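**Student:** The opening residue of the sequence shown carries number 42 in this note's numbering; numbering runs sequentially from there.
Got a structure here, written out as structure tokens. Questions coming.
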Amino acid sequence: MGVELIEATKVDDLERVQALLNRGVDPNSVVHTNTALTYAARDGHLAIAQLLIKQGANVNWIDGEGVTPLILSSFKGHVALTQLLLEHGADVSVRDQWNRTALDYALRRGEEDEIAQLLKEAGAKLVPQGGSSKCRVQSSKCLYDRYRVDFE
């Protein structure tokens, strides 16, 4: 049943997600190291994310690559979804396997990015690693521009 929940989430089928949850499907069901909230965050499905969280979905789930829903929503530029996750206790300090946080991904769009501002207001800090914060921002932007890193 977890597979059905994730598939319904991927295609943004709110009614199906609701029906599955009403039948008792665990909102934290894991398929290939991901939960339905992981996909809702990645794809910007705000209404489904709200429903999953209301039903007890773990906003701090960490997948096999160290990626959280917050990192995905930040990476993909989903402002409202990022705000929702923050309001429900998403941890801004989690680093993925590439040693990047949600703030690192937001800053690739620039220091004035709305998601970057939300993350900073929630306590996210840019921790320099072998260089200044400005160098880290430029490095994040350069890597994104060059490789178009994506979580598919």
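We treat Cβ as the ideally placed atom computed from N, Cα and C, and that holds for glycine.
As the structure is a computational prediction, the values presented were derived from the model and not from experiment.
(1) Helix, strand or coil for Asn75? Go by DSSP, reduced to three states.
(2) Between the beta-carbon of Pro110 and the beta-carbon of Leu87, is there less than 7 angstroms?
(3) With a CB to CB cut of under 7 angstroms and the five nearest residues on each side skipped, what residues in its chain are close to Ile103?
(4) Taking a contact to mean a Cβ-Cβ separation below 7 angstroms, would you say Leu122 touches Ser115 in this structure?
(5) Measure the Cβ-Cβ separation of His129 and Gly85 and say whether it is below 7 angstroms.
(6) Go through the segment 79-135 residue by residue and report every complete run of the alpha helix (DSSP H) that reaches 4 residues or more, in order.
**Tutor:** Working from what's here:
(1) strand
(2) no
(3) Thr109, Val135, listed in sequence order.
(4) For Leu122 and Ser115, no; Cβs fall outside 7 angstroms.
(5) Cβ distance not < 7 angstroms, so His129 and Gly85 don't count as in contact.
(6) 87-95, 110-117, 120-128
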